[in-house]
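Take 12 as the starting number for the sequence shown in my numbering and just add one per residue. Here is the structure we will look at, set down as structure tokens.
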Amino acid sequence: MLDIHGDPELVLCEGSKKVYRTGPWNGLRYSGIPGTVSYVGFNFSFINNKKEISYSFDTRESILSKLAVNQSGVLQRSLWVEGSGIWNIIWYAPMDQCDYLPPCGPFATCNPNNSPICDCIQGFKPKSPEKWVYRDAADGCARKTQLDCKNGTDGFLVIPHTKLADTSNATVDASLSLEECKTVCLSSCVCTAYAPADVRNGGSGCIIWTNELTDLRVFTSNVYGQDLYVRLAAADLGPPSTASRKNNKWVIILAQCKRSTIPAYDRSNQEFAAGTDLELCQGNDLELPLLDLNTVALATNNFCRANKLGRWLWTCFKGKLVDGQEIAVKRLSKTSLQGLDEFKNEVMLIAKLQHRNLVRLLFCCIEGEERMLVYEYMPNKSLDFFLFGESKDGVLDWQTRFKIIMGIARGLLYLHQDSRLRVIHRDLKASNILLDEEMNPKISDFGMARIFGGDDAEGNTMRVVGTIGYMSPEYAMDGIFSQKSDVFSFGVLVLEIMTRKKNRGVYLADSHTNLLDHVWSSWKEGNSLQIVDESMGYSYPMNEVMRCIEVGLLCVQNNPEDRPFMSSVLLMLSGDNKGSSDTVAWESQNLGRWTPGEAKRREYQWKLDRNVTKGEVVAPSPGRTVTAGTRSTSVAEAEDTSSPPVRAGEPLVPVPY
């Protein structure tokens, strides 16, 4: 329905409870539905004046469209496909965790690509730090410094690419310019933020918030969302800032990075007192070299914005040591207190792991509340930059993609089996795969990882961490994790590499709402190669490409028992012996058809039918290793159809990511 309180927007309610909101109309689209303007064949209209508030859309004469709520409470827009007799879903909502209300609490932003998804706005800190440790951000954030309305020293922080905060209690004046809106906000001691009501032509109109900012979402793409101006005290604006610096007791970093100097920290402030918690890096036989804060600041030009590589729980910077070695510095955000546990976990774990496909930790820096990890620098950024970035056409040829897939598989096998620790990563995704100068993949970010000991096969947690779209069903739903949950994430990665599409948040041309469903259906129809990224051209080896698609599908099966271990995955991907070829052939022919016990019996019979030589060992997965004999049986005898399929025709992963 259309909610006309504040700046009008569409909302979805369950009874009287609001469960989803689109964000207000900004002249081009609803701020929370960035894909609105890209729907070919649709014309959207929004009228908001003193006489009328209405929203409508029409389509070309040849297009039939419907907007409906399904039985699960999900809003779906569908198009009728003439000839096939089906409705294709082109958009649905809520789509992810950040769409469900309320995701994070007041004065916090939500980003589904981050882990955790909630973070305090700059100048704010968790209101209940003890709850944030357990990913409970419902209480939101509180100001670090109170506003100074009397002296007029407050300023504004621009948060770009947002779905605007809930405007139910906001005021709207379409007659004001953006500069006039700023003046009005500064003149009111209760104004907390402002934004343009219309983003066209540089922005016009005025939305003013006088209460808490809630349901604030940020998008990663610079073509989505709109700017929000949040009012902060001068002390919280940080450089560069237009706020008065006459009372600032820090040496300010110059805007020109080349002329920057080392900050002269106030040693009376315990926030920068050296020598605290150094046992994190020196204890437990880690013997990890330490860098002092001044050395790191010098290497990064005082954490200059030009050297910034990204921001999540951590802010990452590129740097260069005195000896010329390039480094990447991960600096823990002080507003994300839950990151401290991840910091300790990453230090204690990755310092003990050494493999060519794992990122290498070089140094640790701890002074007062500063927590930094210093890694080898990866000049080619992360895998998601090449797969989903804006400039990506023709960058990854097939040889490079296959090398990346194999490297990730080797790194994961090392974690699961070959290292002195048995490690479950729990957050394997494209942004956590870094690429060196030769495009060799390096698995990174071990803050969520867990160590397994003895004969433990799986663990259980009430604190589910990770990234939606990469989490296995049993982990996302029940908190159960094991090697097989990492295998699921690997399978998603493989299919994303093959298609250059994200598992979620992609509007596919058919009725499937995630990538796994789409690939699974294409494979069943014999059209697997149609899902391959077009930018690879047509010169790739079809057998390798098909093998990767089928291995990816094996890894993302619903039942963890059906997924192979990484040792079997690597064997199947290598394709350098008859055993691996037989394994892929058997597994891909029987995806989702039988129970594990029935599949094992049929697998054994199937390999005998193919006259596998006596003594040859085929290892599709632990518990399925077969030493084949020489007996030959017809395919008709082996194919007993009396056992009905278990999941034939069902989507591979029905969990609604």
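Where a beta carbon is used, it is the ideal one built from N, C-alpha and C, also for glycine.
Tell me which same chain residues have a C-beta within less than 7 Å of the C-beta of residue i, skipping the five on either side of it?
{"i": "Lys136", "result": "Cys152, Ala153, Lys155 and Thr346"}
{"i": "Leu79", "result": "In the sequence on display, residue 79 carries Ala and not Leu. Excluding residues within five positions, the ones whose Cβ falls inside 7 Å are Gln87."}
{"i": "Ser49", "result": "Low local confidence applies: a pLDDT of 49 at Ser49 is under 50, so the model's placement there is unreliable, with the coordinate-based value given in what follows. Within the same chain, Ser49 has no close Cβ partners at all."}
{"i": "Gln349", "result": "With a pLDDT of 49 at Gln349, under the threshold of 50, the modelled position of that residue is not reliable, and no figure is offered here."}
{"i": "Gln541", "result": "Ser533"}
{"i": "Ala148", "result": "Cys115, Gly116, Ala119 and Cys129"}
Taking a contact to mean a Cβ-Cβ separation below 7 Å, would you say residue i touches residue j in this structure?
{"i": "Ile361", "j": "Leu372", "result": "yes"}
{"i": "Val30", "j": "Leu112", "result": "yes"}
{"i": "Leu439", "j": "Ser393", "result": "no"}
{"i": "Cys131", "j": "Cys115", "result": "no"}
{"i": "Leu369", "j": "Ile435", "result": "no"}
{"i": "Leu189", "j": "Pro207", "result": "yes"}
{"i": "Cys376", "j": "Val333", "result": "no"}
{"i": "Ile508", "j": "Arg412", "result": "yes"}
{"i": "Leu584", "j": "Val556", "result": "no"}
{"i": "Val229", "j": "Thr326", "result": "no"}
{"i": "Ala441", "j": "Asp395", "result": "yes"}
{"i": "Arg437", "j": "Gly477", "result": "yes"}
{"i": "Phe457", "j": "Glu536", "result": "no"}
By Cβ distance, which residues of its chain are closer than 8 Å to residue i, with the 5 residues on each side in sequence left out?
{"i": "Gly134", "result": "Arg154, Lys155, Thr156, Leu168, Val241, Leu243, Ala244, Asp247 and Leu248"}
{"i": "Leu21", "result": "Met12, Leu13, Asp14, Arg32, Thr33, Tyr41 and Tyr66"}
{"i": "Asn554", "result": "Gly586"}
{"i": "Ala104", "result": "Leu23, Tyr31, Thr33, Ile44, Val85, Leu86 and Asp110"}
{"i": "Asn212", "result": "none"}
{"i": "Thr231", "result": "Asn122, Asn124 and His172"}
{"i": "Arg342", "result": "Phe314, Trp325, Thr326, Cys327, Phe328, Glu381, Arg382 and Met383"}
Need the endpoints of the beta strand (DSSP E) that residue i sits in, please.
{"i": "Met383", "result": "Glu381 to Glu387"}
{"i": "Ser56", "result": "Phe53 to Asn59"}
{"i": "Trp10", "result": "There is simply no residue 10 to check, as the chain begins at 12 and stops at 668 in what is shown."}
{"i": "Arg228", "result": "Leu227 to Val229"}
{"i": "Val562", "result": "No beta strand (DSSP E) holds Val562; the alpha helix (DSSP H) holding it covers Met553 to Cys566."}
{"i": "Ala176", "result": "Neither: Ala176 is in no beta strand (DSSP E) and is coded neither H nor E."}
{"i": "Leu78", "result": "Ser76 to Val80"}
{"i": "Tyr66", "result": "Ile64 to Thr70"}
{"i": "Leu369", "result": "Here Leu369 belongs to no beta strand (DSSP E), and DSSP marks it neither H nor E."}
{"i": "Tyr486", "result": "Not the beta strand (DSSP E): Tyr486 falls in the alpha helix (DSSP H), residues Pro484 to Asp489."}
{"i": "Asp18", "result": "That residue, Asp18, is in no beta strand (DSSP E); it is neither H nor E in DSSP."}
{"i": "Ala678", "result": "Past the boundaries of the shown model lies residue 678; the chain is included only from 12 to 668, so the question cannot be answered."}
What residue does the alpha helix (DSSP H) around residue i start on, and which one ends it?
{"i": "Thr510", "result": "Gln494 to Thr510"}
{"i": "Ala420", "result": "Trp409 to Leu424"}
{"i": "Trp143", "result": "Pro140 to Trp143"}
{"i": "Val195", "result": "Leu189 to Ser198"}
{"i": "Ala308", "result": "Leu304 to Ala310"}
{"i": "Gln580", "result": "For clarity, residue 580 is Val in the given sequence; the question names Gln instead. Met577 to Ser585 is the span of the alpha helix (DSSP H), which, as asked, contains Val580."}
{"i": "Phe397", "result": "Leu394 to Phe399"}
Hey, out of the options, whose CA is closest to residue i's CA?
{"i": "His366", "options": "Gln82, Ser550, Leu564 and Leu432", "result": "Leu432"}
{"i": "Gln568", "options": "Ile508, Ser585, Glu485 and Gln541", "result": "Glu485"}
{"i": "Val340", "options": "Val358, Met383, Gly480 and Val183", "result": "Met383"}
{"i": "Phe399", "options": "Leu504, Thr311 and Asn305", "result": "Leu504"}
{"i": "Asn7", "options": "Asp69, Asp184, Leu197 and Leu320", "result": "Residue 7 cannot be examined here, being either before or after the span of the chain that is shown, 12 to 668."}
{"i": "Ser483", "options": "Gly84, Ser496, Gly477 and Met509", "result": "Ser496"}
{"i": "Val144", "options": "Thr164, Phe354 and Leu445", "result": "Phe354"}
{"i": "Lys512", "options": "Glu449, Phe492, Thr478 and Phe397", "result": "Phe397"}
{"i": "Ser199", "options": "Asp165, Ile416 and Gly330", "result": "Asp165"}
{"i": "Ile97", "options": "Asn81, Leu75 and Asp107", "result": "Leu75"}
{"i": "Pro571", "options": "Ala441, Met417 and Val498", "result": "Val498"}
{"i": "Tyr549", "options": "Trp409, Lys319 and Leu446", "result": "Trp409"}
{"i": "Asn222", "options": "Gly236, Cys196, Asp238 and Gly214", "result": "Cys196"}
Who are the near neighbours of residue i in its chain, counting only those whose CB is closer than 6 Å to its CB and skipping five residues on each side?
{"i": "Ile64", "result": "Ile15 and Pro19"}
{"i": "Gly634", "result": "Bear in mind that a pLDDT of 33 at Gly634, under 50, signals an unreliable position, so the number given afterwards is only what the model happens to contain. Counting only Cβ-Cβ distances below 6 Å, and skipping sequence neighbours, we find nothing."}
{"i": "Phe118", "result": "Ile132, Phe135, Gly151, Cys152 and Leu224"}
{"i": "Pro300", "result": "Phe374"}
{"i": "Pro552", "result": "none"}
{"i": "Gly626", "result": "Because Gly626 carries a pLDDT of 34, less than 50, the predicted location of this residue cannot be relied on, and the following value inherits that uncertainty. The answer is none, since no qualifying residue turns up."}
{"i": "Glu337", "result": "Lys331 and Tyr388"}
7 Å is my cut-off, CB to CB: does residue i come that close to chain C?
{"i": "Leu372", "result": "Reference to chain C is not applicable here, since this structure consists of a single protein chain."}
Task: Inter-stretch contact (C-beta, 8 Å, three-pair minimum) for the stretch 214 to 226 and the stretch 174 to 191 - done: Taking a contact to require three or more Cβ pairs closer than 8 Å, the stretch 214 to 226 and the stretch 174 to 191 qualify as touching.
TODO: Answer yes if the stretch 377 to 393 comes into contact with the stretch 537 to 552, meaning at least three C-beta pairs across the two stretches below 8 Å, and no otherwise.
DONE: no
TODO: Count the C-beta pairs between the stretch 442 to 460 and the stretch 408 to 427 that are closer than 8 Å, then say yes if the count reaches three, no if not.
DONE: yes
Open item on the list: Pairs of beta-carbons, one from the stretch 177 to 186 and one from the stretch 14 to 21, closer than 8 Å: are there three or more?
Closed with: yes
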